[in-house]
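When we follow our numbering, the leftmost residue of the sequence shown carries the number 60, and every step to the right adds one. Heads up: the structure comes next, in C-alpha cells.
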Amino acid sequence: MTTAVDLDKLDLAALLCSRVCHDVISPVGAIVNGLEVLEDEDDASMKAFALDLIAKSARQASARLQFARLAFGAAGSAGAQIDTGDAENVARGFIQDDRTSLEWQVPRTLSPKNKVKLLLNLIMVAASTIPRGGRISVVATGEGEEGGFRLTTQGSHSRIPPHLVDLLAGHASEGGSVDAHAIQPHYTGLLARATGYVIRLAVEGDGVAIVVERDGSAFAALPSDDINVIR
Numbered sequence: 060m061t062t063a064v065d066l067d068k069l070d071l072a073a074l075l076c077s078r079v080c081h082d083v084i085s086p087v088g089a090i091v092n093g094l095e096v097l098e099d100e101d102d103a104s105m106k107a108f109a110l111d112l113i114a115k116s117a118r119q120a121s122a123r124l125q126f127a128r129l130a131f132g133a134a135g136s137a138g139a140q141i142d143t144g145d146a147e148n149v150a151r152g153f154i155q156d157d158r159t160s161l162e163w164q165v166p167r168t169l170s171p172k173n174k175v176k177l178l179l180n181l182i183m184v185a186a187s188t189i190p191r192g193g194r195i196s197v198v199a200t201g202e203g204e205e206g207g208f209r210l211t212t213q214g215s216h217s218r219i220p221p222h223l224v225d226l227l228a229g230h231a232s233e234g235g236s237v238d239a240h241a242i243q244p245h246y247t248g249l250l251a252r253a254t255g256y257v258i259r260l261a262v263e264g265d266g267v268a269i270v271v272e273r274d275g276s277a278f279a280a281l282p283s284d285d286i287n288v289i290r
C-alpha cells in the first residue's frame, strides 16, 4: 500500500543534499586513498597507479558536482533559462563511462530552468532502468517550450525498478516516507508536475521507454502493454 509523500521544504532540501553527498563521496574517498598511497609508497608503479586514481576520481567528482548543480541547484534566479548544450555536457560527464553511453538529440537552445532540470533528472531515472549499463538515448519531441522528450534505454537486465512509478507520482510505501535514495525520482515527479508535464514509462524490447509530454500525442508510439502514467 502506498501513501502520498508529505515532505516539508527543510526535509526535501536535506534529502537532496544527502543524495548529492552520496554521489560525490566515493570519488572523493578514492582521491584521499590515492594521496595516502603517494605519501607512504616509494614504488614507482604504485605512485603511478595512485596518480591515475587521483586524476580519474577528481574528474568523476567534478562531473558529478557539475551535474548536481544543474539538476538540483538553483542555476540562476527564478525564471532563468539554461542552455541545453550545457545540460548535454554535464549529462555526458555524469553518465558516460565504460558501461553506459549517452546519445543526445536535443537541439541547442535556451530553455526554462525547470524543464532542463526535469530532463537531467529523467536521465538519472533512465539510468536506473539499466542496472548493468547500456545505452541511453534522449530525443526532443515537439517544438519550442511546449515540446517534450523521449528517452529510451537498452541494456542487459533492463527493468522499471520497484516503486519507481509510485515515487514519480508522489507516493511511497511505509507511511509515505522517502530516504536519500528515493528522493531523486520523487523530486523528478515534483519537477514534472511543476512544469505541467505527464510522464509515461513502458517496457520496450530489452529496454524502457520514457515519454514526457504536455498531452498524449506522443504516447501512441508506446507499446500498449505494461504502461505506467504519472501525472
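Using N, Cα and C, we set each Cβ at its ideal position, and we do this for glycine too.
Starting from residue i and walking both ways along the alpha helix (DSSP H), at which residues does that stretch end?
i	result
Arg252	Ile242 to Thr254
Pro86	Lys68 to Asp99
Val224	Leu223 to Leu227
Ala186	Lys172 to Ala186
Which partner residues of residue i appear in the DSSP bridge assignment?
i	result
Asn287	Leu260
Ile154	Ile154 pairs with nothing; no bridge assigned.
Thr159	Gly193
Thr143	DSSP output for Thr143 lists no bridge partner at all.
Thr62	Ala231
Val198	Gln164 and Arg209
Quick check on the DSSP output: the beta strand (DSSP E) that includes residue i runs from which residue to which?
i	result
Arg123	Not the beta strand (DSSP E): Arg123 falls in the alpha helix (DSSP H), residues Ala103 to Ala130.
Val270	Gly266 to Glu272
Gly207	Gly207 to Gln213
For the putative contact between residue i and residue j, defined by C-beta atoms under 8 Å, what is the C-beta separation to the nearest angstrom?
i	j	result
Val79	Val237	Actually they do not touch by this definition, with Cβ atoms about 15 Å apart.
Thr143	Ser170	6 Å
Glu272	Tyr246	Not quite, the Cβ-Cβ distance comes to about 20 Å (not below 8 Å), so this is no contact.
Asp253	Asn148	The sequence as given places Ala at residue 253; Asp does not occur at that position. The pair is not a contact, with the Cβ atoms about 24 Å apart (cut-off 8 Å).
Leu250	Leu177	4 Å
Leu179	Ala133	Going by Cβ atoms, the distance from Leu179 to Ala133 rounds to 14 Å, so no, they are not a contact pair.
Ile269	Ile258	7 Å
Ser217	Asp265	6 Å
Leu210	Ile195	7 Å
Lys106	Glu100	6 Å
Gly193	Thr212	6 Å
Are there 16 or more other CB atoms within 10 angstroms of the CB of residue i, so buried, or fewer, so exposed?
i	result
Asp82	buried
His240	exposed
Pro166	exposed
Pro244	buried
Ala120	buried
Met183	buried
Pro86	buried
Val175	buried
Phe197	The sequence shown places Val at residue 197, not Phe. The residue in question, Val197, is buried, as its Cβ has 16 or more Cβ neighbours within 10 Å.
Arg118	exposed
Arg158	exposed
Ser215	exposed
Ala127	buried
Val91	exposed
Ser116	buried
Leu75	buried
Ile84	exposed
Ala139	exposed
Gly93	buried
Gly248	buried
Mind checking whether the beta-carbon of residue i lies closer than 7 Å to any heavy atom of the ligand PLP?
i	result
Gly152	Ligands in the displayed structure: none, and consequently the ligand PLP is not present.
Closer than 8 Å is the cut-off here; do at least three beta carbon pairs connect the region 203–213 with the region 223–231? no
Can you find at least 3 beta carbon pairs, one from the region 102–110 and one from the region 62–78, that sit closer than 8 Å? no
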